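Asker: Heads up: the sequence lines are chains A and B, in that order. Under the numbering used here, the first residue of the first sequence is numbered 1101, with each subsequent residue one higher. Under the numbering used here, the first residue of the second sequence is numbered 556, with each subsequent residue one higher. Positions of the beta carbon are idealized from the N, C-alpha and C atoms, including for glycine. Keep in mind that this is a model prediction, so the values were computed, not measured.
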Amino acid sequence: MGEKIGIIGYAQSHHQYEVQKTREDLVFDVVKEALAKAGILREELGTVVTSSTDFLDGRTISNVFLSMAVGAFLKDESKVEEDGTSSLMYAVMKLITGAYDVALVEAHTIGWGFNPHQVSFYTVDPLVDRQFGVLNDVSAGALQAKMYMDKYGVSEGDLAAVAVKNLGNGAVNPYASRRMADVSATEVLKSKMFFSPITELMMSPITDGCAVVILASEKKARSVCKNPVWIEGMGNCQDPYLRDRNLLSLTALKKAGQAAYQMAGISDPVNDLDLLEVSERYAHEELMICEALGLAREGKGKFLVENGVTTKCGELPVNPSGGALCADPICATGLVRVVECCKQINGEAEDHQVSGVKKALAHGQFGICSQKNTVIILGGE
Amino acid sequence: MFRNCAIIGCGQTKHTSKRRDVSAAELAAEAVNAALVDAGITMKDVDCVVSGNMQGFGGIAQPEQWLGDWIGCAGKPAIRIATGGTTGGSVGQGACYTVASGMYNVSLAVAWEKHSDSKEAGATTGLAHVGMGNLFHALAYGLSLKNLIATTAVGAAAGVAVYQARYYMQRSGCRQEHLDMVAAKNRRCAAKNPYAHLQWPNCQPEDIAKTDLIAYPFRYGHVCPASDGASAIVVAEEKFARKHCKQPAWFKGLASYSDEENQLQSENYGGVGVIDPSEQMGARVSAMKAYKMAGITDPQKEVDLAEIYQPFPSQELIFSERLGLFDEGTAWKHMEKGETDINGRLPISVSGGVNATNAIGSSALQRILEAALQIMGKAGEHQVPKKVKTAVAHGWGGVTNYITFTVLGDTPRG
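Structure below.
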């Protein structure tokens, strides 16, 4: 990357179902906190990129009425209808051109308004799949899980182990919405079944939440911030439509990961990375994501969990915050991962702090079965 | 560093009220294919796809996930950008930033709208949903001043534009017959544009004046149609652009400064409050910033052509002033003299503009596309009879508060 771009401020909401605030109030509080953390005023912002979708927000032109909440009025402003990590990528590109030197990236989803699983039903092919009425994100996720389990001999217990790890991590994360201490694999397997093998605790909860990241050019970042977190690499890729792709392989994520690794000069992710925060909407996805990012060979992801490699105290912790299984405000989920990585790098994660994190990877996904993926590599000084 | 980049290929579809012969996917693909053919490249040359439309209008959530395969997203970096009426402008600017930043060498921008897929015209149901989120909140937690305002301040675009036009007419002395003249010009120009929707060869102001009054000052003949259509552009970095295109249209300046939402939202909501929707501070600031970036000091002299987002004729007048092309309150006088006609001093929206063709998500990208066509000399029958060195493209949306503004030129940035 030509120019260095740093993160100088970040904040997230206390994620929960039914946040009991208007969307504008929810966003405003988080933006205010992030600006305070960055130590800058609204006047210093150059450009603002928000992230939400019209269907998930349940309104046409979902960024309308947000201009004031995010401080975007009379500022350069745009909205990316994707995961927040895509907005972050777009903002970084805007900063690299030198057109602006500070960018605010905001992402939110209010899950209680419109059921996100119902919304996912409207993303499938309207001419064929919508008419059948069978596919949505959960049923397609279950198909993917089944295929993965059959091909690689992964058991339901292995998936439950992922949920147990992440729910345990999330229990001490004050921002998580699903906080359940000491959940056992049996409880995970016995929770409500949606589509076999996916049970309630194996899938992410419907959540209201918001995350904000403030980016700055190198010069500006160094002048206002003691410990900026640098964007070292980023990659983004989209897979073909559900019916036209091999659900067993997260090809788009592999490509996005390779692009980001190449940009960050990472050849051996297991040794070069200190921590990963990934958006796993279902337990099996964490295994598939780890494999696509090169942490394990295909189908061997379960051994990472089994051997404790990815636990909070393991060699390469994955989702010490609890991940998306503990809070999933759809558009914001990826940006929450970025915020969590920044906290880990700056040693601010308190109870779920991992020691000695210098380089971290944040992953965001969008669409059914992780169709679109963004990978961001973050590094401290 | 802002790396030089240019538009090297443009493609659009024929616009009509109902494109029954194609699905939304095929519609978008039609424009993409035309743009690739125009640029003389294939999808293999494209590094990144930026796409957008207004998802509520066609009733498909995140349509790029389904139709991504048709527009070349599969296996490529893809970003979806949508900002209401300005969607196309934001998509075009997005493609510019992806290349200007050095992340990608060639980007494809595509925007579309297929109104006829929804049961009612998108602009009716779609825009009624602007305040929907607040309505749900009000139903669950009771009404507060804030969400009351948000649900009342929506109105379809015509509802907002009527107020806007009245403010402008009051301030500038412009009369209803001037709106007839603008609309007639746009219908006439559209007749020369094979892709335009409302074509009316030799339309005269008297013809427009005969149509029914809808809401003063707008007559039926003033109002834009709801079109099905798509447009696409290919944006490339300097070396690639020079190799593949004789006369690329270079990006020289761009900005998308938004204003506060207008109407009723006075100081209790968040700030200064916009009472007059024809004020358009966002447009003024966007223009100022983009001209500065492009090195333009006197837009009245240096701009050769403008493509303005004008669903209603009053907006062509309002925005041409706010974008610095005419002095405050004088646009209608210049228009009356024929200066904004196809052979005039400063031709405005000679493609017929949004007034003649409105596939909402795509409309603002079409402005960039049409401005580029004039610079590239490919506009065909509606090519203006003079050399176009600098052309500007404008987009407008939201609750009158979003603006995109792009300055294109026949030479790269210095």
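Less than 9 Å between the beta carbons of A:ASP1344 and B:ALA629, yes or no?
Answerer: Yes, they are a contact pair.
Asker: Pairs of beta-carbons, one from the region 1169-1189 of chain A and one from the region 808-815 of chain B, closer than 8 Å: are there three or more?
Answerer: Judged by Cβ distances under 8 Å, the region 1169-1189 of chain A makes contact with the region 808-815 of chain B, as three or more pairs qualify.
Asker: Mapping DSSP to helix, strand and coil, what is A:ASP1308?
Answerer: strand
Asker: Please state if the CB of B:THR945 and the CB of B:SER645 are separated by a distance shorter than 9 Å.
Answerer: no
Asker: In terms of alpha-carbon separation, which member of B:THR571, B:VAL577, B:HIS570 and B:ILE596 lies closest to B:ILE563?
Answerer: B:ILE596
Asker: In whole angstroms, give me the CA-to-CA distance for B:VAL737 and A:SER1349.
Answerer: 56 Å
Asker: Using a Cβ cut-off of 9 Å (strictly closer), state whether B:PHE612 contacts chain A.
Answerer: yes
Asker: Please report whether the beta-carbon of B:ILE615 lies at a distance below 9 Å from any beta-carbon of chain A.
Answerer: yes
Asker: Using a C-beta cutoff of 9 Å, does A:LYS1179 count as contacting chain B?
Answerer: yes
Asker: Does the region 1461-1472 of chain A touch the region 1349-1358 of chain A, meaning 3 or more C-beta pairs lie closer than 8 Å?
Answerer: yes
Asker: Which of the residues in the region 1333-1347 of chain A, read from start to end, lie with their CB under 9 Å from any CB of chain B?
Answerer: MET1334, GLY1335, ASN1336, CYS1337, GLN1338, ASP1339, PRO1340, TYR1341, LEU1342, ASP1344 and ARG1345
Asker: Leaving out five residues on either side along the sequence, give the residues of the same chain with a beta carbon under 7 Å from the beta carbon of B:TYR718.
Answerer: PRO832
Asker: Would you give the residue range spanned by the alpha helix (DSSP H) that B:CYS565 belongs to?
Answerer: Element bounds for B:CYS565: not the alpha helix (DSSP H) but the beta strand (DSSP E), 560-567.
Asker: Closest by CA to A:SER1304, which one among A:LEU1289, A:GLY1422, A:ASN1446 and A:ILE1107?
Answerer: A:GLY1422
Asker: Look at the Cβ atom of A:THR1153, then the Cβ atom of B:GLN617, and state whether they are nearer than 9 Å.
Answerer: yes
Asker: For the region 1196-1230 of chain A, list every residue whose C-beta sits within 9 Å of some C-beta in chain B, in sequence order.
Answerer: Residues passing the 9 Å Cβ filter: ILE1196, THR1197, GLY1198, ALA1199, ILE1210, TRP1212, GLY1213, PHE1214, VAL1219, SER1220, PHE1221, TYR1222, THR1223, VAL1224, ASP1225, PRO1226, LEU1227, ASP1229 and ARG1230.
Asker: Does DSSP classify A:ASN1419 as helix, strand or coil?
Answerer: Coil at A:ASN1419, not helix or strand.
Asker: Quick one: residues in its chain with C-beta nearer than 6 Å to the C-beta of B:LYS747, no 5 flanking neighbours on either side, listed in chain order?
Answerer: GLU936 and HIS937
Asker: Is the shortest distance between the beta-carbon of B:TRP621 and the beta-carbons of chain C less than 9 Å?
Answerer: No chain C appears in the structure shown, which is made up of the protein chains A and B.
Asker: Name the chain A residues whose beta carbon is nearer than 7 Å to that of B:LYS631?
Answerer: CYS1337 and GLN1338
Asker: Let me check understanding here. Comparing Cα to Cα, which of A:HIS1384, A:ASP1258, A:LEU1375 and A:LEU1416 lies closest to A:ILE1476?
Answerer: A:LEU1375
Asker: Give the residues of chain B in contact with A:GLN1471, contact being defined as C-beta atoms less than 7 Å apart.
Answerer: Going along chain B in sequence order, the residues near A:GLN1471 (Cβ under 7 Å) are GLN620.
Asker: With DSSP collapsed to three states, give me the class of A:CYS1337.
Answerer: strand
Asker: If you reduce the DSSP assignment to three classes, tell me which class B:GLN938 lands in.
Answerer: coil
Asker: Under 6 Å Cβ to Cβ from A:GLY1464, same chain only, skipping five residues before and after it: list those, please.
Answerer: ASP1183, THR1185, SER1379, GLY1434 and THR1474
Asker: Along the chain, which unbroken stretches of the beta strand (DSSP E) at least 3 residues long are found entirely within the region 563-639 of chain B?
Answerer: 603-607 and 633-635
Asker: Mind pulling the alpha helix (DSSP H) runs of 4 or more residues that sit fully within the region 828-913 of chain B?
Answerer: 836-849, 854-857, 868-877, 886-891 and 908-911
Asker: Helix, strand or coil, according to DSSP, for B:VAL962 in the structure here?
Answerer: strand
Asker: Work out the CA separation of B:VAL939 and B:CYS565 for me, nearest whole Å.
Answerer: 18 Å
Asker: What does the alpha-carbon distance come out to for the pair B:TYR864 and A:VAL1148?
Answerer: Here the alpha carbons of A:VAL1148 and B:TYR864 stand approximately 23 Å from one another.
Asker: Excluding the five sequence neighbours on either side, which residues of its own chain have a C-beta within less than 7 Å of the C-beta of A:GLU1450, listed in chain order?
Answerer: none
Asker: Would B:LEU963 pass as a contact of B:VAL947 if the rule is Cβ separation under 9 Å?
Answerer: yes
Asker: Can you list the residues of chain B that A:PHE1232 reaches, using a CB-CB cut of under 8 Å?
Answerer: Here the premise fails: no neighbours, minimum Cβ distance about 14 Å.
Asker: List, in order along the chain, the chain B residues whose C-beta lies closer than 8 Å to that of A:ALA1321?
Answerer: In chain order: nothing, as chain B lies at least about 17 Å away.
Asker: Please check if any C-beta of chain A sits within less than 9 Å of the C-beta of B:SER572.
Answerer: no
Asker: Would you call the region 1287-1303 of chain A and the region 1312-1328 of chain A in contact, with 3 or more CB pairs under 8 Å?
Answerer: Taking 8 Å as the limit for Cβ pairs, the verdict is that the region 1312-1328 of chain A does not touch the region 1287-1303 of chain A.
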